[in-house]
Amino acid sequence: VSGTLLLDGCPPPENFKCMVGYVVQDDVVMGTLSVKENFHFSAALRLPSSVTSEEREERVKNVINELGLQHCANTKVGNEFIRGVSGGERKRCNIGMELIISPPVLFLDEPTTGLDAN
91 VSGTLLLDGC PPPENFKCMV GYVVQDDVVM GTLSVKENFH FSAALRLPSS
141 VTSEEREERV KNVINELGLQ HCANTKVGNE FIRGVSGGER KRCNIGMELI
191 ISPPVLFLDE PTTGLDAN
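According to our numbering, the sequence shown holds residues 91 to 208 in order.
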């Protein structure tokens, strides 16, 4: 796939990747880590070093609360060998991995894939 990205007909700003979150269709979470640990991992990798550890912790808590994951925050996400959170909780965890950076724009690729229609 190739092409040109334009915003209102202009090239995007230099910091565009920092301004946009993208949730892919497939999971990006690590099944052997808890929901909270996954969020801390994302924060450590993606937030600038100017963000203090207290601010990172606050962001993690806020995302957990915003996504309604308080009851499973310390539960391993799980994989084919480890029983973990439900499919809906897993999907919200994937979204939270991007929300940690507080992007002004969030793109989601097929966000309801694998979820119960009810």
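Beta carbons are placed, not taken as given, at the ideal position from N, Cα and C, and that holds for glycine.
Sequence ranges, beta strand (DSSP E) only - wholly within the stretch 130-200, length at least 3
Inside the stretch 130-200, DSSP marks whole beta strand (DSSP E) runs of 3 or more residues at positions 195-198, from first to last along the chain.
C-alpha distance - L159 paired with K151, whole-angstrom precision
Our two residues, L159 and K151, have alpha carbons roughly 10 Å apart in a direct line.
Cβ-Cβ distance between V113 and M187 below 9 Å:
Taking a C-beta distance under 9 Å as the contact criterion, V113 and M187 qualify as a contact pair.
Excluding the five sequence neighbours on either side, which residues of its own chain have a C-beta within less than 8 Å of the C-beta of I154, listed in chain order?
Close CB contacts of I154 within its chain, under the 8 Å cut and outside five residues either way in sequence, are with V125, K126, F129, Q160, A163, G186 (chain order).
Locate the alpha helix (DSSP H) running through M109, then write down its first and last residues.
Segment 106-109, the alpha helix (DSSP H) holding M109.
Using 9 Å as the threshold, is the C-beta distance between L196 and G111 below it?
L196 is a Cβ neighbour of G111, given a cutoff of 9 Å.
Using the Cα positions of R180 and L198, report the straight-line distance between them to the nearest angstrom.
Answer to the nearest angstrom: the Cα atoms are 14 Å apart.
Do T122 and V167 come within 9 Å of each other at the CB atom, strictly closer than that value?
Yes. Within cutoff.
Closer than 9 Å to chain D by CB, V141
Among the chains in the structure shown there is no chain D, since it carries only a single protein chain.
Can you tell me the Cβ-Cβ gap for R136 and L157, rounded? I've got them flagged as a contact below 8 Å.
In fact, because the Cβ distance is near 17 Å, the residues do not count as touching under 8 Å.
By how many angstroms is the C-alpha of T202 removed from the C-alpha of D116?
Distance between the alpha carbons of D116 and T202: 11 Å.
If G194 and M109 are in contact, beta carbons under 8 Å, what's the gap, nearest whole angstrom?
Reading the sequence as shown, one finds Pro at residue 194 and not Gly. Indeed, because the Cβ distance is near 6 Å, the residues count as touching under 8 Å.
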